[in-house]
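Protein chains in written order, with numbering that gives the first Met the number 0: chain A, 0 to 513; chain B, 0 to 513. Notes follow the structure.
Number of protein chains: 2
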Amino acid sequence: MNGAESLVRTLVDSGVDVCFTNPGTSEMHFVAALDKVEGMRAILALFEGVVTGAADGYGRMAEKPAATLLHLGPGLANGLANLHNARRADTPLVNIVGDHATYHAQYDAPLASDLKGFASPVSGWYHSSPSPKTAAADGARAVQAAMSAPGQIATLVLPADTAWLEAEGPSPALDIVGPAAVEGAAVDRIAALLKNGKKTAILIRGAALKEDGLLAAGRIASKTGARIMCDTFTARIQRGAGRVMVDRLPYFSEQIEEDLAGTEQLILVGAKPPVSFFAYPGKASWMTPEGCEINVLAHPHEDGTGALEALAEAVGAPAEPINVAKLELPDLPTGKLDSFTAGQVVAHYLPEGAIVSDEAATSGIGPAIYTATAVPHDHLSLTGGAIGQGLPVATGAAVACPDRKVVCLHGDGGAMYTLQSLWTQAREKLDVTTVIFANRSYAILNVELMRVGAENPGPKALSMLDLHNPELDWVQLGQGMGVNSMRAETAEEFAEQFAACMREKGPHLIEAVI
Amino acid sequence: MNGAESLVRTLVDSGVDVCFTNPGTSEMHFVAALDKVEGMRAILALFEGVVTGAADGYGRMAEKPAATLLHLGPGLANGLANLHNARRADTPLVNIVGDHATYHAQYDAPLASDLKGFASPVSGWYHSSPSPKTAAADGARAVQAAMSAPGQIATLVLPADTAWLEAEGPSPALDIVGPAAVEGAAVDRIAALLKNGKKTAILIRGAALKEDGLLAAGRIASKTGARIMCDTFTARIQRGAGRVMVDRLPYFSEQIEEDLAGTEQLILVGAKPPVSFFAYPGKASWMTPEGCEINVLAHPHEDGTGALEALAEAVGAPAEPINVAKLELPDLPTGKLDSFTAGQVVAHYLPEGAIVSDEAATSGIGPAIYTATAVPHDHLSLTGGAIGQGLPVATGAAVACPDRKVVCLHGDGGAMYTLQSLWTQAREKLDVTTVIFANRSYAILNVELMRVGAENPGPKALSMLDLHNPELDWVQLGQGMGVNSMRAETAEEFAEQFAACMREKGPHLIEAVI
Numbered sequence: 000m001n002g003a004e005s006l007v008r009t010l011v012d013s014g015v016d017v018c019f020t021n022p023g024t025s026e027m028h029f030v031a032a033l034d035k036v037e038g039m040r041a042i043l044a045l046f047e048g049v050v051t052g053a054a055d056g057y058g059r060m061a062e063k064p065a066a067t068l069l070h071l072g073p074g075l076a077n078g079l080a081n082l083h084n085a086r087r088a089d090t091p092l093v094n095i096v097g098d099h100a101t102y103h104a105q106y107d108a109p110l111a112s113d114l115k116g117f118a119s120p121v122s123g124w125y126h127s128s129p130s131p132k133t134a135a136a137d138g139a140r141a142v143q144a145a146m147s148a149p150g151q152i153a154t155l156v157l158p159a160d161t162a163w164l165e166a167e168g169p170s171p172a173l174d175i176v177g178p179a180a181v182e183g184a185a186v187d188r189i190a191a192l193l194k195n196g197k198k199t200a201i202l203i204r205g206a207a208l209k210e211d212g213l214l215a216a217g218r219i220a221s222k223t224g225a226r227i228m229c230d231t232f233t234a235r236i237q238r239g240a241g242r243v244m245v246d247r248l249p250y251f252s253e254q255i256e257e258d259l260a261g262t263e264q265l266i267l268v269g270a271k272p273p274v275s276f277f278a279y280p281g282k283a284s285w286m287t288p289e290g291c292e293i294n295v296l297a298h299p300h301e302d303g304t305g306a307l308e309a310l311a312e313a314v315g316a317p318a319e320p321i322n323v324a325k326l327e328l329p330d331l332p333t334g335k336l337d338s339f340t341a342g343q344v345v346a347h348y349l350p351e352g353a354i355v356s357d358e359a360a361t362s363g364i365g366p367a368i369y370t371a372t373a374v375p376h377d378h379l380s381l382t383g384g385a386i387g388q389g390l391p392v393a394t395g396a397a398v399a400c401p402d403r404k405v406v407c408l409h410g411d412g413g414a415m416y417t418l419q420s421l422w423t424q425a426r427e428k429l430d431v432t433t434v435i436f437a438n439r440s441y442a443i444l445n446v447e448l449m450r451v452g453a454e455n456p457g458p459k460a461l462s463m464l465d466l467h468n469p470e471l472d473w474v475q476l477g478q479g480m481g482v483n484s485m486r487a488e489t490a491e492e493f494a495e496q497f498a499a500c501m502r503e504k505g506p507h508l509i510e511a512v513i
Numbered sequence: 000m001n002g003a004e005s006l007v008r009t010l011v012d013s014g015v016d017v018c019f020t021n022p023g024t025s026e027m028h029f030v031a032a033l034d035k036v037e038g039m040r041a042i043l044a045l046f047e048g049v050v051t052g053a054a055d056g057y058g059r060m061a062e063k064p065a066a067t068l069l070h071l072g073p074g075l076a077n078g079l080a081n082l083h084n085a086r087r088a089d090t091p092l093v094n095i096v097g098d099h100a101t102y103h104a105q106y107d108a109p110l111a112s113d114l115k116g117f118a119s120p121v122s123g124w125y126h127s128s129p130s131p132k133t134a135a136a137d138g139a140r141a142v143q144a145a146m147s148a149p150g151q152i153a154t155l156v157l158p159a160d161t162a163w164l165e166a167e168g169p170s171p172a173l174d175i176v177g178p179a180a181v182e183g184a185a186v187d188r189i190a191a192l193l194k195n196g197k198k199t200a201i202l203i204r205g206a207a208l209k210e211d212g213l214l215a216a217g218r219i220a221s222k223t224g225a226r227i228m229c230d231t232f233t234a235r236i237q238r239g240a241g242r243v244m245v246d247r248l249p250y251f252s253e254q255i256e257e258d259l260a261g262t263e264q265l266i267l268v269g270a271k272p273p274v275s276f277f278a279y280p281g282k283a284s285w286m287t288p289e290g291c292e293i294n295v296l297a298h299p300h301e302d303g304t305g306a307l308e309a310l311a312e313a314v315g316a317p318a319e320p321i322n323v324a325k326l327e328l329p330d331l332p333t334g335k336l337d338s339f340t341a342g343q344v345v346a347h348y349l350p351e352g353a354i355v356s357d358e359a360a361t362s363g364i365g366p367a368i369y370t371a372t373a374v375p376h377d378h379l380s381l382t383g384g385a386i387g388q389g390l391p392v393a394t395g396a397a398v399a400c401p402d403r404k405v406v407c408l409h410g411d412g413g414a415m416y417t418l419q420s421l422w423t424q425a426r427e428k429l430d431v432t433t434v435i436f437a438n439r440s441y442a443i444l445n446v447e448l449m450r451v452g453a454e455n456p457g458p459k460a461l462s463m464l465d466l467h468n469p470e471l472d473w474v475q476l477g478q479g480m481g482v483n484s485m486r487a488e489t490a491e492e493f494a495e496q497f498a499a500c501m502r503e504k505g506p507h508l509i510e511a512v513i
């Protein structure tokens, strides 16, 4: 058994059974091992930004890492932007990066690069495996590192000779250290604060945004009047009918200031104090109101759900939470297709248990409003601001949850970054419906241009934000990659098409011209 | 005048008048300055790999840097693979990377990252401009650094407040230090070696692969019998009728060994000793034959052309070189379309002064053979092995040389990496004809799988190299981005379509099904 096979066996034994990849010569032994080892599903993508984004979407839903398999420094480099997003999502992810044979590195061949330099900014754990004798153990450690709470990116470099030389055999899975329990004293301290009569917001991030954590938070709110909040962009949140509704922080800094005005204490559950996404001239970056006290119930590596449940008990919360969403489906709209009518259609037809991968940017407002009272679903958003995440994350989520419908809501500008995702969806027959909101613009930048104080923009500046010339034809782009694609120009057309996509399994694309 | 405007003015004053970009919020002041400053052409691309690859193609042809404008660390990250290729090509290039305002960095907002970490592996020069007072001078230094021989990547980080705060004004252009002259003693030493009767190869890299350098090399060869060679992958070489023919090093290590067998001395002109592209079990990495002496005529930062001209005089070379290509155009083929018949068509119709951007990989063999005796043209190849370079490089070359036809020969696998290039070609009405060799495969990897010793590959391994399921439809992909696209399945169809593309200006795409 060579090093590559010992590593693949170890990954499978450690529970990593999906590998998203775009391999090259230096990865051929890992690729060859896929047929020798039972239980590893290999999924090809035509660009590494799809590979890493899909591994992120998979990890968010499966709550365990997928492996990637990338081709040396440049292959990793192509995947870095979505690894940045995955890092911001605290997604467990095992990056396997092939490299030149150890003895070949000295020759600085064309594909040689500072691989560690590329990997370090996104990796919580990094190791290059210098020998086939240790590759398996290094793989086990990588999985353990990826799973260390709240989840992180572990990058393991596999030189070609480590892969092809004789190894000892697989290495046993290592123990996973789950989230640490929050101590009772910390819970009691927060419970006492919740009785001080101050206007309180509880800001939650991470796994506590799933149903159980939200239930506990809603119970606390019903007893204490505290407000339940989440960040503007959340890796994963469970929402829809029957679930506690959460106030999402607005995007722009002055909106956040207005929203948090009067808040006297902030309780953090896995979250950081809110800051503005960008800096703007004359506007604040730090968003906690002056005089508001910041308190931590749970750090990111701690068990936020358990802490909220303990806190609910400590404050004597009732069994029933307040602010539970009641099922309320919008009627089907007619006429103009825009973010709001599209949102009504999406909310109307969304099937129970759907997963929404949301990179709709300015077009996401309508869907966000109307799906809040739709059937229960999971919502995944763009965590690190690096656009081009939505299509790959949808791809990976569909691999993780084959029995759930995935709906990807995407702006046209961002979708062009990683449109190769559609081919993988077609190849793997994934149950993803992609809605491209085609406003032919980086619409958010028209807003931002004003906000940063760049007044009276001229034609050259405005043309840098405009995608009209030429217009992208998403039906042809989708069809060209094997995905059944259609165009909707009215609310009625969109409703008919979206309904059909929700009925039929498999990949579909709707270009929603808005 | 704010910092952004002072920087744009300085770039223009320093001769940088093209900016390839995909900007975001933190770059809006730079974007706004484009209308305030005369003389900077801004070209939008829908993905940063296109931005950086286009800047590479531009720099190779214009012999001066284009600027990029990228959106923080993740925007830079998306451009890194083609920056890796540009680094290997020694292309002059000024990367401008927007960043959070200096005072905002402390808050670790979602888009914050280790920007220097991402940039360092590809940058010969790196600086973050902390103040609007120094941004202009930093810009002038970046251009100077990019132009320092043989050319390199200079990355200048522009924090948002540096861009928006009041600046002093533009900074004057700095002197460019051109390639250093090779000393007479070095020339004389090599001249003496060329009389020792040893079997000699002169390996040339860089600017000396243009007409003048090759003429001198050919004269030396005609006097001394030395063999004139170039690397497997060259940033730019001038070839075709009337030019000295150069032996290109083969790709695979055992072919190089055979090719160089018996060589007793190697003279390097801007080149490094040859090494194999990848390591293979049991095969050598170091390709200089045992006992062959390595001598340097010119280092990469030195004037290789001048050195070759001086050497030609020193050895008393005749005015006329040997091995000059005579115009020999293949007849038009019929029947099966493959790399060879396609190559005959390309060579037959290639217009004088064409620029060939070649990432055809396994399909490039035919075109390489037949264009060797076609009309004079420039040939740009994939320098760093990071696939997805050919389409962007063609885009940038067309911007640099608007009066020359650009022909991009590309494998289908690599083309999917940066297909967004087609939209920029359509938007800017660039005179690029793209030929996609559609073999529905990462064909080279089928060869490599065997070469690395991964025997009896199974169906999972083979499926990772196969692009049949589903087949990409390049006509739809091209049309979807506004490029007039067509499909050829026979040599006759390809000849008719390619001829039409050579007659008409503007972007075209031919999917050559082979």
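Here a beta-carbon is modelled for each residue, glycine too, at the ideal position from N, C-alpha and C.
Contact of P131 (chain B) with chain A is not assigned, every C-beta pair being separated by 8 Å or more.
Nearest CB-CB separation between W422 (chain B) and chain A: below the 8 Å threshold. Y348 (chain B) has a beta carbon lying at 8 Å or more from every beta carbon in chain A.
Contact between I435 (chain B) and H409 (chain B) is confirmed by a C-beta separation of about 6 Å, below the 8 Å threshold. The segment 487 to 500 of chain A and the segment 139 to 155 of chain B do not touch, with fewer than three beta-carbon pairs separated by less than 8 Å. In this structure G74 (chain B) touches N21 (chain B) by the C-beta definition: roughly 7 Å separates them, less than 8 Å. A216 (chain A) sits away from V181 (chain A), with the two beta carbons spaced by 8 Å or more. The beta carbons of I189 (chain B) and G269 (chain B) sit about 14 Å from each other, so the pair does not count as a contact at 8 Å. Restricted to the segment 270 to 322 of chain A, the alpha helix (DSSP H) segments that are unbroken, complete and at least 4 residues in length are 303 to 313, listed in chain order.
Within its own chain, the residues whose Cβ lies closer than 7 Å to the Cβ of W285 (chain B), once the five positions on either side in sequence are excluded, are V274, listed in chain order. The C-beta of D472 (chain A) comes closer than 8 Å to at least one C-beta of chain B. By the Cβ test, the segment 93 to 113 of chain A is not in contact with the segment 391 to 407 of chain A, since fewer than three Cβ pairs between them sit closer than 8 Å. Using a Cβ-Cβ cut-off of 8 Å, F46 (chain A) counts as an interface residue toward chain B, since at least one Cβ of chain B sits closer than that to its own.
One thing to note: T382 (chain A) has its Cβ no nearer than 8 Å to the Cβ of L349 (chain A). Unbroken beta strand (DSSP E) runs of no fewer than 3 residues, entirely contained in the segment 128 to 208 of chain A, are found at 152 to 158, 199 to 203, following chain order.
Boundaries of the beta strand (DSSP E) around Q264 (chain A): 264 to 268. Chain A has no Cβ within less than 8 Å of the Cβ of N438 (chain B). For E510 (chain A), the enclosing beta strand (DSSP E) begins and ends at 507 to 512. By the neighbour-count definition (other C-beta atoms within 10 Å, threshold 16), D89 (chain A) is a buried residue. Contact annotation for N468 (chain A) against chain B: R426 [CB-CB distance below 7 Å, chain order].
Taking C-beta separations shorter than 8 Å and ignoring five residues to either side along the sequence, the partners of S420 (chain B) in its chain run A44, V49, G52, A53, L390, P391, A393, T394, following chain order. The Cβ of A80 (chain B) sits closer than 8 Å to at least one Cβ of chain A. G365 (chain A) sits close to A341 (chain A), with the two beta carbons spaced by under 8 Å. Boundaries of the beta strand (DSSP E) around R238 (chain B): 236 to 238.
For A65 (chain A) and T154 (chain A), the gap between their C-alpha atoms comes out near 12 Å.
For R502 (chain A), the number of other beta carbons within 10 angstroms of its own is below 16, and it is reported as exposed. Rounded to the nearest whole angstrom, the CA to CA distance from A136 (chain B) to N468 (chain A) is 36 Å. For F19 (chain A), DSSP records a beta bridge to A:I42, A:T67.
When A:N294, A:E358, A:M415 are compared, the shortest CA-CA separation from G479 (chain B) is found for A:M415.
Take the alpha-carbon of G457 (chain A) and the one of A41 (chain B): they are about 13 Å apart.
Against chain A, a Cβ distance below 8 Å from Y102 (chain B) picks out A278, S284. Here F29 (chain B) has A3, L6, V7, P22, L68, I95, G97, L157, A162 as same chain residues with Cβ atoms under 8 Å from its own Cβ, once five neighbours each way along the sequence are excluded. Between the alpha carbons of K222 (chain A) and L379 (chain A) lies a distance of about 29 Å. Rounded to the nearest whole angstrom, the CA to CA distance from D302 (chain A) to L173 (chain B) is 58 Å. Against K459 (chain B), the close residues of chain A are L33, D34, A41, in the order they occur along the chain (beta-carbon pairs closer than 7 Å).
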